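Structure, as structure tokens:
Residue numbers (my numbering): 1343 to 1662.
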């Protein structure tokens, strides 16, 4: 069985622990209390958690760390640490240092002693009126890559948060999340506002060369949609769609992305989707549910109710 932690981003919510059985059922196994948790990653037996508004403080998000034993017991490591900004949706750990982004206040932080305030805007009047960094990850060469939905850019920084390089996307794209291929030579970007995924060659030093861009929804879909989570496995890219409420599967063929099929998430607003063996576990934020979908058949295997699920974190694996 695999162990998952699923964040419930409500006041007095938490990280709900589930065991995913071999036949795709979710077995509840307890909860780590947290206040409006937005995102979590697992690294070195430690669960790193971002709280959106700890203790009702809407002006600063916070980081918490929990040491978690194999039986699910846990203890907090130190106290809350401020992200020095508003609405922190993503973090990464590099060489023991924690880096996070503050979406609403437009900053990047190395907790606790480093802060970079971004600037700029793009074409969407409501969503791109200011910088909105959404995601941060370590590239294979050790640089940090940050997607800025508000400025339509992917920025590279060193560990001191010194700017190295910036790549512009098509105006109105709204870059949200990245994922690297297994060999680190290719990076894929899920673009929230345009419902597209970009495929780049990563040349090191923060240099990105665009290879292809494809829709994450069917070409004849006319409803409203925003792309969200992105995963890579065995030559395929998976992107969750909020609106179409699906997971798009695109095959990597040379320097191209070839749309293959769309899997229903059987819920509304899949903000996250984690690939676990032969299943996808979907956090359907707008539908207050977590669903397990079999990847090959597309059938619904399991559904559990959970208030505002945002993030699915697999224990024992470094988060994306």
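From the three backbone atoms N, C-alpha and C, an ideal C-beta is built for every residue, glycine too.
The model shown is predicted, which means the values in this text are computed figures rather than measured ones.
Please check the pair residue 1506 and residue 1520, which I expect to be a contact at CB under 8 Å, by giving their CB distance rounded to whole angstroms. Indexing the chain shown from 1 puts residue 1506 at position 164. Indexing the chain shown from 1 puts residue 1520 at position 178. Between residue 1520 and residue 1506 the Cβ distance is about 16 Å, and since that is not below 8 Å, they are no contact.
Taking the Cβ atom as the reference point for each residue, do residue 1376 and residue 1405 lie within a distance shorter than 8 Å? On the chain shown, position 34 is the one that residue 1376 refers to. On the chain shown, position 63 is the one that residue 1405 refers to. Taking 8 Å as the Cβ cut-off, residue 1376 and residue 1405 do not qualify as a contacting pair.
Report yes if the C-beta distance between residue 1600 and residue 1590 is below 8 Å; otherwise report no. On the chain shown, position 258 is the one that residue 1600 refers to. On the chain shown, position 248 is the one that residue 1590 refers to. The answer is no: Cβ separation not under 8 Å.
Can you tell me whether residue 1500 is buried or exposed? The criterion is at least 16 other CB atoms within 10 Å of its CB, across all chains shown. As a first step, residue 1500 must be located in the chain shown, where it is residue number 158. Burial call: exposed.
I'd like the span of the beta strand (DSSP E) that includes residue 1645, first residue to last. Your numbering for residue 1645 matches position 303 in the chain shown. Note, residue 1645: beta strand (DSSP E), 1642 to 1647.
Report back the beta-carbon spacing between residue 1364 and residue 1378 to the nearest angstrom; my notes put them in contact at under 8 Å. Taking the chain shown and counting its residues from 1, one reaches residue 1364 at position 22. Taking the chain shown and counting its residues from 1, one reaches residue 1378 at position 36. Not quite, the Cβ-Cβ distance comes to about 33 Å (not below 8 Å), so this is no contact.
Check this for me: beta carbons of residue 1646 and residue 1631, under 8 Å apart or not? By one-based count along the chain shown, residue 1646 stands at place 304. By one-based count along the chain shown, residue 1631 stands at place 289. Contact flag set, yes.
Please identify the residue among 1559, 1398, 1436 and 1515 whose C-alpha is closest to the C-alpha of residue 1451. Within the chain shown, the letter at position 109 stands for residue 1451. Out of 1559, 1398, 1436 and 1515, 1436 has the C-alpha closest to the C-alpha of residue 1451.
Run of the beta strand (DSSP E) containing residue 1581, from where it starts to where it stops: The residue labelled residue 1581 in the question sits at position 239 within the chain shown. Run containing residue 1581: 1578 to 1584, per the beta strand (DSSP E) assignment.
For residue 1629, the three-state DSSP class (helix, strand or coil): The residue you call residue 1629 lines up with position 287 of the chain shown. In this structure, residue 1629 counts as helix in the three-state DSSP scheme.
For residue 1655, tell me which candidate among 1362, 1352 and 1354 has the shortest Cα-Cα distance. Stepping through the chain shown from its first residue, residue 1655 is reached at position 313. Considering only alpha carbons, the answer is 1362.
What residues match up with residue 1621 in a beta bridge as DSSP calls it? Reading the chain shown from its first residue, position 279 is the one you call residue 1621. Its beta-bridge partners are 1618 and 1636.
Is residue 1516 helix, strand or coil by DSSP? For the purposes of this step, residue 1516 is taken as residue 174 along the chain shown, with counting starting at 1. Three-state DSSP puts residue 1516 in coil, outside helix and strand.
Where does residue 1398 sit, in a helix, a strand or coil, going by DSSP? Translated into positions along the chain shown, residue 1398 becomes position 56. Correct three-state label for residue 1398: helix.
CA-CA distance, residue 1468 and residue 1516? The sequence position of residue 1468 within the chain shown is 126, counting from 1. The sequence position of residue 1516 within the chain shown is 174, counting from 1. Cα to Cα, residue 1468 sits roughly 12 Å from residue 1516.
Closer than 7 Å by C-beta to residue 1351: which residues in its own chain qualify, once you throw out the five before and the five after it? Chain order, please. Indexing the chain shown from 1 puts residue 1351 at position 9. If we look at residue 1351 and ignore the five residues flanking it on each side, its Cβ neighbours are 1378, 1379, 1380, 1394, 1650 and 1652.
Let me make sure I understand the geometry here. Which of 1433, 1409, 1474 and 1629 has the alpha-carbon closest to that of residue 1535? Sequence index remark: in the chain shown, residue 1535 carries index 193 (1-based). The residue with the shortest Cα to Cα distance from residue 1535 is 1474.
Go ahead and pull the three-state DSSP assignment for residue 1474. Residue 1474 sits at position 132 when you count from the first residue of the chain shown. Note: residue 1474 maps to coil in three-state DSSP.
Inter-residue Cα distance where the pair is residue 1626 and residue 1348: As a working mapping, residue 1626 is identified with position 284 in the chain shown. As a working mapping, residue 1348 is identified with position 6 in the chain shown. Going by the C-alpha atoms only, they are around 11 Å apart.
Is the Cβ-Cβ distance between residue 1558 and residue 1543 less than 8 Å? In the chain shown, residue 1558 corresponds to position 216, counting from 1. In the chain shown, residue 1543 corresponds to position 201, counting from 1. Contact: no.
Whether residue 1422 touches residue 1408 by CB criterion (8 Å): Taking the first residue of the chain shown as 1, we reach residue 1422 at position 80. Taking the first residue of the chain shown as 1, we reach residue 1408 at position 66. Contact flag unset, no.
With 16 as the cutoff for other CB atoms within 10 Å, does residue 1487 come out buried or exposed? Within the chain shown, the letter at position 145 stands for residue 1487. Burial call: buried.
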